[in-house]
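Protein chains in written order, with this note's numbering: chain A, 186 to 512; chain B, 11 to 119; chain C, 19 to 416.
For each residue, glycine too, the CB sits at the ideal point set by N, CA and C.
In this text the structure is predicted, and so the values were computed from the model without any measurement.
Worksheet: one structure, shown below.
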Amino acid sequence: MVSTEELKNVKIPKAKDLIREKNRLAPGHRLCPGCTAGTIARCATLVTDPENVTVFHATGCMEVATTIYPFTAWRVPWFHNAFENVAATASGAEAAYRAMVRKGKLEKMPDIIAFAGDGGTYDIGLQSLSGALERGHDFVYICYTNGAYMNTGIQRSGGTPMYAATTTSPAGSVIPGKMQWRKDLVAIAAAHKVQYVATASPAAHRDMMTKVRKALDVDGPAFILVDMPCPRGWRFPEELSVQVAQQGIDTCYFPLYEIYDGREYVLSAKSKAIANKPERKLPIEEYLKGQGRFRHLFKPQKRDDLIAQFQAAVDQEWDYLQKLCNL
Amino acid sequence: MTKQNTLSEKEMKEWIAEKWGYEKLPIGGSVPYAGSSEFFKTGDWSAFKAVVDREKCTKCTTCFFLCPDSAIEMDEEEIPVMNFDYCKGCGICAQECPSDAIEMKDMSQ
Amino acid sequence: MTKTTTKPGKRIGMTGDEAVANAAAVINPDVVAAYPITPQTIIVEHFSDFVANGEVDTEYVCVESEHSAMSACVGASVTGARVFTASASQGVALMYEILFIAAASRLPIVMAVANRALSGPINIHGELTDQTVCRDTGWISMFSESAQEAYDTTFLSFKIGETPEVSLPVMFGLDGFILTHALEGVHPLDRDFVKAFLPDRVMKYPTIPGNPVSSGLLALPDYYMEVKYQQELAMTAARKVMPKVFKEFGEITGRNYKMVEEYKMDGAETAFVTMGALAGSTKYVVDKLRSEGQKVGMLKVKTFRPFPDEEIAKALKNVEAVGVIDRDLTFGSPGPALYSDLKASLYDYKDRPQVFGFVAGIGGRDVDVKEYEYVYKQVLKHKGAEKAVPIEWIGLRK
Chain A
186 MVSTEELKNV KIPKAKDLIR EKNRLAPGHR LCPGCTAGTI ARCATLVTDP ENVTVFHATG
246 CMEVATTIYP FTAWRVPWFH NAFENVAATA SGAEAAYRAM VRKGKLEKMP DIIAFAGDGG
306 TYDIGLQSLS GALERGHDFV YICYTNGAYM NTGIQRSGGT PMYAATTTSP AGSVIPGKMQ
366 WRKDLVAIAA AHKVQYVATA SPAAHRDMMT KVRKALDVDG PAFILVDMPC PRGWRFPEEL
426 SVQVAQQGID TCYFPLYEIY DGREYVLSAK SKAIANKPER KLPIEEYLKG QGRFRHLFKP
486 QKRDDLIAQF QAAVDQEWDY LQKLCNL
Chain B
11 MTKQNTLSEK EMKEWIAEKW GYEKLPIGGS VPYAGSSEFF KTGDWSAFKA VVDREKCTKC
71 TTCFFLCPDS AIEMDEEEIP VMNFDYCKGC GICAQECPSD AIEMKDMSQ
Chain C
19 MTKTTTKPGK RIGMTGDEAV ANAAAVINPD VVAAYPITPQ TIIVEHFSDF VANGEVDTEY
79 VCVESEHSAM SACVGASVTG ARVFTASASQ GVALMYEILF IAAASRLPIV MAVANRALSG
139 PINIHGELTD QTVCRDTGWI SMFSESAQEA YDTTFLSFKI GETPEVSLPV MFGLDGFILT
199 HALEGVHPLD RDFVKAFLPD RVMKYPTIPG NPVSSGLLAL PDYYMEVKYQ QELAMTAARK
259 VMPKVFKEFG EITGRNYKMV EEYKMDGAET AFVTMGALAG STKYVVDKLR SEGQKVGMLK
319 VKTFRPFPDE EIAKALKNVE AVGVIDRDLT FGSPGPALYS DLKASLYDYK DRPQVFGFVA
379 GIGGRDVDVK EYEYVYKQVL KHKGAEKAVP IEWIGLRK
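Here you go:
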């Protein structure tokens, strides 16, 4: 058992040591240029022992692009089952490894990572995730969210932002994109009272890697939601992926924080800096105007009413989060 | 744990070149080889490649971590070396480099 | 307490569900991931008792749905572990998507199916449809006639599925309530038997730490066919492996199972063909008809997949007409599952009987002796018919 105090002090190797590690994700995969799914997969696995980790993956962009038979980008054991069940699949594997450890067939439990997009998690995968968290399996669920079912062509998911245009929630002459606010998946995960839940971003890669290591060190389930800007689906130039992620942090639309034991909220450095100096918080318009999926909020006419609603919702959540962090 | 029952590099290359059929394909759709995607050169995707100005590089290592394609390795001086076999020319490294040490160049010129 | 005894020849009273749970406990699998559904519930409840009392070493995962049950079984099985589960009806239907994946990934998961009718309307009683609709999943599929057979088939399933050239998941059924909840005498087996009969499972490319294997990749049109064809080859291998496994089991226990069991087929001019619990009652009716001088026998099809067409053709070579009794449904088709597969497979044989199809016992409805005798009379009546005879639903009220 790892105590919450020990968890807070988990450290990852220095950058100069990590750069000497052989990538657990090989080059040659077919993710779109500029897709930070590659960044996330690389960083998350870089803080694991490649001889003692197994990866389970839900159907989605990252899974498909990294494993087109017989080309696999994974240099660690990897298994894909179906779309909505990576948490259940990882649960079964975890139980099997436990049995093997007891029988002396395996020296110790490996780190187990379950990767899934918002597609395979927010909606169709929610039951499977909830069951696994409730049962307390020792694994980390990393949901990379690009806010839509991107792999099948940018369809709306429970993680899609309000007013974002997707192919199943298009911005038409009557309806301006998706009408619902995104589902609060982090709160749902935290409600299971697992020891560690966190949000992360490729714009804070060291923070992300530290969080993954913490999550893996938990003796039980842990959940991380990682922001994953998508050049294709969000419609921005591919070199700006990390910039857009940074904007998510700066506008407080995707704040970085951790939740220990389902009740202790801690802001991470970049978001803490904004809480300390509120003038650093950027208006949400900065985030929206750079992405083609929000184009209809600006052209043919600027929808200040909708942008204001979006801002109000962001502010409400940000204020509430600060309260939870006792700030 | 030691590696069990994985194919050799020679076998993997053979598989790809010969396009194995049902007699030779490993059971259950498994690919018992680490990183066979290396045999697929995504560098072909774009003429643009990341080019490093070694003088400007401050060895912050950011580009190494951000590259989605594992196309950056650090040499003994901790300066990035780009692997053009796999660089898709996305430009994230150039965009994020704090010292403007990386430029995306059209190599077809 | 696991029901076992050191007294040779002594039978212990067990319901079908208890028998399956006991068999699983004796086998002591690495992982069981299951979700309860009537009439399978006693299997999982009983097994839970064994777990709680430390009588098994199994990691028992109480999943939140059958879809997750099979998903967890797949996740456990890819590590090379020995995995067992059980379900029925709606549960099997819910995990349907994953059944295909389990077979394609060549994972020898064993699943007991407490055969129950599918909704709608919702019905909890015995019918084989939940399993017959899985005939396309790539699983080996067997049925049981008694609690003893269900007990024994649990052991047989692991042995068959784990044979390397087979490496396929296996499902075996026992009629809901009729077998699952009825008490019968069962000769138990013990862990010494398991040691001798069931060696440790060996998996070629397990997903274990330090073994960089990727499984479950996206296969494009250039490769998908070849990987799928391997599954057909596995079924072909199963046709050879299963009789050998049955024989070995028979040599140790004295209980000789067959892909197709022939009952009083000597000189039979007519025959019943059926699967599952109905086979038991059919045998009784054959005895009765034989005592009345009728030249009739029956075939019990134990193995539905791979379909034992050679065995059936051989057994029916000199039979004039058969009445196939299906305890399962399909609509708008040439006929129910056993009937269609049997008729289709016999088509190419020169010496084959006329085949007449009957649907009975649907939704758990009892099939009594009179109704079997009615089937027999109908077969005699239709014999020699030149026009096609439609499938007849037995005991149907207009």
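Counting only C-beta atoms, is residue i closer than 7 angstroms to chain C at any point?
| i | result |
| --- | --- |
| L35(B) | yes |
| E236(A) | yes |
| T337(A) | no |
| P361(A) | no |
| M11(B) | Annotation note: pLDDT 34 at M11(B) (below 50); position unreliable, coordinate value reported separately. For M11(B), the answer is yes, since a Cβ of chain C falls inside 7 angstroms of its Cβ. |
| S40(B) | yes |
How about residue i and residue j: do their beta carbons lie closer than 7 angstroms?
| i | j | result |
| --- | --- | --- |
| D79(B) | G223(A) | yes |
| V319(C) | V278(C) | yes |
| Y442(A) | K368(A) | no |
| G219(A) | S426(A) | yes |
| G289(A) | I339(A) | no |
| D148(C) | S107(C) | yes |
| L236(C) | I253(A) | yes |
| L360(C) | V342(C) | yes |
| L117(C) | T155(C) | yes |
| G245(A) | T52(B) | no |
| V261(A) | R209(A) | yes |
| P295(A) | V41(B) | no |
Apply the 10 Å Cβ neighbour rule to residue i and answer buried if 16 or more other Cβ atoms are within range, or exposed otherwise.
| i | result |
| --- | --- |
| E328(C) | exposed |
| N515(A) | Missing from the structure shown is residue 515(A); chain A here goes from 186 to 512 and no further. |
| V387(C) | exposed |
| Y302(C) | exposed |
| V91(B) | exposed |
| P324(C) | buried |
| T225(C) | buried |
Which residue wins for smallest C-alpha separation from residue i, given the options the options?
| i | options | result |
| --- | --- | --- |
| G382(C) | A286(C), L192(C), L334(C) and V204(C) | L192(C) |
| A498(A) | R417(A), S456(A), N511(A) and W366(A) | W366(A) |
| A295(C) | R29(C), E82(C), D48(C) and A378(C) | A378(C) |
| G413(C) | D218(C), A297(C), V393(C) and Q166(C) | V393(C) |
| E86(B) | D202(A), Y348(A), C415(A) and T351(A) | D202(A) |
| E391(C) | V304(C), L356(C) and E404(C) | V304(C) |
| K193(A) | A383(A), L491(A), V261(A) and R283(A) | A383(A) |
| A403(C) | A297(C), F118(C), Y223(C) and P371(C) | P371(C) |
| R341(A) | E471(A), R478(A) and W263(A) | R478(A) |
| V245(C) | E33(B), W25(B) and K20(B) | E33(B) |
| E502(A) | Q312(A), V371(A), I360(A) and V359(A) | V371(A) |
Can you name, in chain order, every residue of its own chain whose Cβ lies under 7 angstroms from the Cβ of residue i, other than the five neighbours on each side?
| i | result |
| --- | --- |
| T12(B) | A caution first: T12(B) carries a pLDDT of 41, below 50, which makes its placement in the model too unreliable to give a value. |
| A388(A) | V427, A430, Q431 and I434 |
Taking CB distances under 7 angstroms as the criterion, tell me whether residue i reaches chain A.
| i | result |
| --- | --- |
| I102(B) | yes |
| S105(C) | no |
| C91(C) | yes |
So that I know if they touch, is there some Cβ in chain B lying closer than 7 angstroms to that of residue i?
| i | result |
| --- | --- |
| E180(C) | no |
| E244(C) | yes |
| H214(A) | yes |
| I412(C) | no |
| S386(A) | no |
| I197(A) | no |
| V223(A) | Note on identity: in this sequence residue 223(A) is Gly, with Val being the wrong assignment. Answer yes: the Cβ-Cβ gap between G223(A) and chain B drops below 7 angstroms somewhere. |
| R323(C) | no |
| K399(C) | no |
To which residues of the same chain is residue i closer than 6 angstroms at the C-beta, ignoring the five residues directly before and after it?
| i | result |
| --- | --- |
| V385(C) | A378 and G379 |
| V49(C) | E77, A94, A99 and V101 |
| Y445(A) | T189 |
| A57(B) | D116, M117 and S118 |
| H265(A) | H242 and E248 |
| Y357(C) | V342, D344 and G375 |
| G194(C) | P57, A132, N133, R134, H143 and G144 |
If you drop the 5 nearest sequence neighbours on each side, which residues of the same chain put their C-beta closer than 8 angstroms to that of residue i?
| i | result |
| --- | --- |
| P355(A) | G362 |
| A333(A) | D303, G304, I339, Q340, R341, S342, G344, T345, A349, T351, C415 and G418 |
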